[in-house]
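Residue numbers (this note's numbering), protein chains in the order written: chain Y, 691 to 1127; chain W, 691 to 1127.
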């Protein structure tokens, strides 16, 4: 049976690569860099193109009030909760073409490979395109999956604003996504499970020469905004002892956060100050204000919170020593997620059956899976990416690596959705595994 | 004779204050903040208004190829080199209404006060409006006075570019200033002397309760651009030990520069990192690039250069330790200026004659006087400003403080320009003083 399956499941890598290239071209900036901000012209164009592809594959497409898009391959028993896969297609400025997109286009390819193998699912299989996994526009990541899982309520419609100060409500309506935001929430039994295929965005798989990572936990990210108010003045005239330089305070705080992440004793602790804005930002003015945004993550929520505490203390110390005011605001502090043991076992078993090496690992990056895990059994399949880099134009995952991931995904979906072919007999959803929730 | 002069020279403070208010309203941003970038719509409107005022006062107005504006009150012996005063009206973003403007409008008021007293100059007296004292648009300060003094050559026409990448040549022509940039240069004997009235932009006069500062030296500023190239990547996935964070490198460099300025042993050493830009500037991306601009000043040129050397070393150390590349470029490194002993004596004598207390002091801020000193005897008159602040919207100098400065300026110009009134007999230019160059 295993051998038959290998023969029958043909991932059409050329088709997939060509579609990834097409998707990458929906970008606000020239290749190889990609920028596709949620609800932008490029995002809307890409969505329209993707919906056409899904329709061509016979999938039934539904969109919710925030633009989360669901493309369903109807199972023979549509009353059963579907098994889902998917990811995001929004891309931060100056990023690459694989983050998120491999999970969306690869998810579609997995479905097509199953269709072309003659497989008929008992459970429906759904491909999900999540809206705004990236925090670029609204300052908060995983907008779509937070709403689906109830981690964000409908009040986000007016509280979330983009840099132009427009509300989520107005922006989504302008993009054609109407309706009550509360309607985006899914019932806890809506899905039988969710599996996300994603590039690792880290160096481990490549370094070890392992083609598949089975994610067992997703790190707990927190976002902190830090506003520093000092005292400006003429760069030539304000003497050093009387200065209250907001930027130098920001510099010390950022270095203190780095030190905090380096001293937890765990490699899983990371902290980044990705945004530093200095006001007025002129060579001959002592900075009067500075603004930082920091990202603090760990797979251990309490260790993450200890880093946040060190950051808070550093802010207070710097404020006192430099005579500036420092206001911190934790805008986001999510709990880490443990992946579903049953799905993790299935993915591992699929790899074994296919003769594909795999390692269990943790995800340090944010994913929609973090929020899907709150409403259904969830797991992730990682594939290697070159030098572990992501969110840069030289992000790269080879066609072979992607095809392998798609194969494992397809097989995993099949094991939870029904029968591979009539000759193979039925798969009981979750055979050989248990969906723990 | 001293008493008569005091009676006759009437500074019309109300007129001057009203004009300063009018000038402040030529601003790109709402009051009390001022922004008047060189050649902007607001700058051009302000120039037109000022030229009308000068014409009303009977002054003959000339503009050079870069927009330096000269308003001449013709003396009875026009063949003699004129004595000049003036300053700038361009204002950095979010600045105040007194920096530069007090020297321009106060210079005009000094001329009018002399006219209204019945004074007739032997030498001509010229009011100069210098183009772009602020480095905001072209990245280099004192554009007009550098060109006049030959400290900048005509090649600046194509090498200087604004943030939109337009050349000085194209921008000045669009503003209506045509002609060869080389024609802006003045002969060394063009002026008999130059005296600039300016707010102190520091706290010393206010703290001491002294209404006039007689500037004996102007600090030597240097500007350094620092470009840091690290390695970007996903904030969640790149582990701390493998990072090459460009922003954290920038933070360390900025703090090292601060330490260098604080450890020279002299209060006259100041260093400021006023610009820090982080790329890509996203909360979930490790900064791959950062750009700093730093301003380093001292009245002692070699001490200033030692700070620059410490900065260079810090850049090299940080580059090595963090595995980033750091490129530094000293875009500007001016020599300090010593004010003309004769003019300094005249200003002191004028203060004494008027019963006005004065202190000799140094200027730590950049001024057009720094460059004028290279082509003619130069000095500056400082007046107090509240809390020593400048380049912020709450910059303030009282009407009384300004009027006092104008009175001292007018008297100083008169002593070098000729006779106060026919009844007083002639002043030999430089009486009681010697113009040392």
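For every residue, glycine included, the Cβ atom is placed at its ideal position computed from N, Cα and C.
Please confirm if residue i has its CB atom under 7 Å from at least one CB of chain Y.
i                       : result
residue 960 of chain W  : yes
residue 742 of chain W  : no
residue 1124 of chain W : The predicted model places residue 1124 of chain W with a pLDDT of 26, which falls under 50 and marks its position as unreliable; any figure quoted below should be read in that light. It does not: the Cβ of residue 1124 of chain W has no partner Cβ on chain Y nearer than 7 Å.
residue 1082 of chain W : yes
residue 972 of chain W  : yes
residue 880 of chain W  : no
residue 691 of chain W  : In this predicted model, residue 691 of chain W has a pLDDT of only 39, less than 50, meaning its place in the structure is not dependable enough to derive any value.
residue 944 of chain W  : yes
residue 817 of chain W  : no
residue 985 of chain W  : yes
residue 951 of chain W  : yes
residue 1056 of chain W : yes
residue 701 of chain W  : no
For residue i and chain W, any beta-carbon pair shorter than 7 Å?
i                       : result
residue 894 of chain Y  : no
residue 838 of chain Y  : no
residue 832 of chain Y  : no
residue 1048 of chain Y : no
residue 783 of chain Y  : yes
residue 732 of chain Y  : no
residue 891 of chain Y  : yes
residue 823 of chain Y  : no
residue 726 of chain Y  : no
residue 941 of chain Y  : yes
Give the secondary structure of residue i by DSSP, where H, G and I count as helix, E and B as strand, and everything else as coil.
i                       : result
residue 700 of chain W  : coil
residue 794 of chain Y  : helix
residue 872 of chain W  : helix
residue 810 of chain W  : strand
residue 1061 of chain Y : helix
residue 801 of chain W  : helix
residue 931 of chain Y  : helix
residue 903 of chain W  : strand
residue 885 of chain Y  : strand
residue 937 of chain W  : helix
residue 1027 of chain Y : strand
residue 1079 of chain Y : coil
residue 1050 of chain W : strand
residue 778 of chain Y  : strand
residue 961 of chain Y  : strand
residue 727 of chain Y  : coil
residue 738 of chain W  : helix
residue 1089 of chain Y : helix
residue 1038 of chain Y : helix
Considering just the uninterrupted stretch of the alpha helix (DSSP H) at residue i, what are its terminal residues?
i                       : result
residue 834 of chain W  : 833-839
residue 922 of chain W  : Note, residue 922 of chain W: premise wrong, no alpha helix (DSSP H); not H, not E.
residue 1005 of chain W : 991-1012
residue 817 of chain Y  : Careful: residue 817 of chain Y lies outside any alpha helix (DSSP H), inside the beta strand (DSSP E) at 815-820.
residue 954 of chain Y  : First-last for residue 954 of chain Y: undefined, no H or E at that position.
residue 761 of chain Y  : Segment 759-763 is the beta strand (DSSP E) holding residue 761 of chain Y; no alpha helix (DSSP H) there.
residue 843 of chain Y  : Residue 843 of chain Y -> no alpha helix (DSSP H), and no H or E assigned at all.
residue 770 of chain W  : Element bounds for residue 770 of chain W: n/a, residue is neither H nor E.
Would you give the residue range spanned by the beta strand (DSSP E) that residue i belongs to?
i                      : result
residue 860 of chain Y : Not the beta strand (DSSP E): residue 860 of chain Y falls in the alpha helix (DSSP H), residues 858-864.
residue 753 of chain W : 750-753
residue 783 of chain Y : 781-785
residue 988 of chain W : 979-988
residue 666 of chain Y : Nothing about residue 666 of chain Y can be reported from this structure: the residues present for chain Y run from 691 to 1127 only.
Taking contact to mean at least 3 C-beta pairs separated by less than 8 Å, is the region 945-952 of chain W in contact with the region 910-926 of chain Y?
-> no
Quick one: any contact between the region 990-1010 of chain W and the region 984-1000 of chain Y, if contact means 3 or more CB pairs under 8 Å?
-> Between the region 990-1010 of chain W and the region 984-1000 of chain Y, the count of Cβ pairs shorter than 8 Å is below three; the stretches do not touch.
Selection of the region 919-936 of chain Y by Cβ proximity to chain W, strictly under 9 Å = So the close ones are 921, 922, 923, 924, 925, 926, 927, 928, 929, 930, 931, 932, 933, 935.
Are at least three pairs of beta-carbons, each pair with one atom in the region 1020-1034 of chain W and one in the region 1055-1064 of chain W, less than 8 Å apart?
-> Two segments are said to touch when three or more pairs of C-beta atoms, one from each, lie closer than 8 Å; by this definition the region 1020-1034 of chain W touches the region 1055-1064 of chain W.
At least three beta-carbon pairs within less than 8 Å, the region 1038-1048 of chain Y to the region 900-908 of chain Y | yes
Would you say the region 969-980 of chain W touches the region 971-981 of chain Y, given that touching needs at least three Cβ pairs under 8 Å?
-> no
Using a Cβ cut-off of 8 Å, which residues of the region 1059-1075 of chain Y contact any Cβ in chain W, in chain order?
-> none
Segment contact flag, the region 823-842 of chain W with the region 716-728 of chain W, C-beta cutoff 8 Å, min 3 pairs | yes
For the region 1014-1036 of chain Y, which residues have a CB atom closer than 9 Å to at least one CB atom of chain W, in sequence order?
-> none
Report yes or no: do three or more beta-carbon pairs, one from the region 744-751 of chain Y and one from the region 792-807 of chain Y, lie closer than 8 Å?
-> yes
Is it true that the region 920-931 of chain W meets the region 1093-1100 of chain W, where meeting means three or more beta-carbon pairs spaced less than 8 Å apart?
-> They do not touch, by the three-pair rule.
Count the C-beta pairs between the region 874-881 of chain W and the region 833-851 of chain W that are closer than 8 Å, then say yes if the count reaches three, no if not.
-> yes
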